[in-house]
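In our numbering, the protein residues as written are 2 to 92.
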């Protein structure tokens, strides 16, 4: 059953290697990107798209916990996007 609160992803019609829709539902999430030591705080009830470049020599490991998600790869840093299509900076 689809969640009616979830907006449709504007990137779904575009060609892209891997795009993950990440939503913080009950509480904020901390997204951590290693080995770059960058973070993004995703507020409760907000949703973003995490775009991962396809690179077979640099797989991405994703670890999820109640408080957040850690992305680890030796490839390119993932890019973050709003559902309106604006790029987000992770620090």
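We put the beta carbon where it would ideally sit given N, CA and C, even for glycine.
Kindly indicate which three-state DSSP category residue i falls into: helix, strand or coil?
i: residue 92; result: coil
i: residue 20; result: strand
i: residue 78; result: coil
i: residue 25; result: strand
i: residue 1; result: Any question about residue 1 goes unanswered here, given that the chain covers just 2 to 92.
Given that a residue counts as buried once 16 or more other Cβ atoms are within 10 Å of its Cβ, and exposed if not, what is residue i?
i: residue 63; result: exposed
i: residue 3; result: Any reading at residue 3 needs caution, since the residue's pLDDT is 47, under 50, leaving its predicted position unreliable; the model's value is listed next. Counting Cβ neighbours within 10 Å, residue 3 comes out exposed, since fewer than 16 surround it.
Please report the residue range of the beta strand (DSSP E) in which residue i lies.
i: residue 73; result: 69 to 73
i: residue 83; result: Unbroken run through residue 83: none, as it is neither H nor E.
i: residue 40; result: 39 to 43
Quick one: what's got a C-beta closer than 7 Å to residue i's C-beta in the same chain, skipping five residues either side?
i: residue 80; result: 52, 88
For residue i, collect the residues of the same chain with a Cβ closer than 8 Å to its Cβ; drop the 5 residues on either side in sequence, then sort them by chain order.
i: residue 40; result: 31, 32, 33, 34, 91, 92
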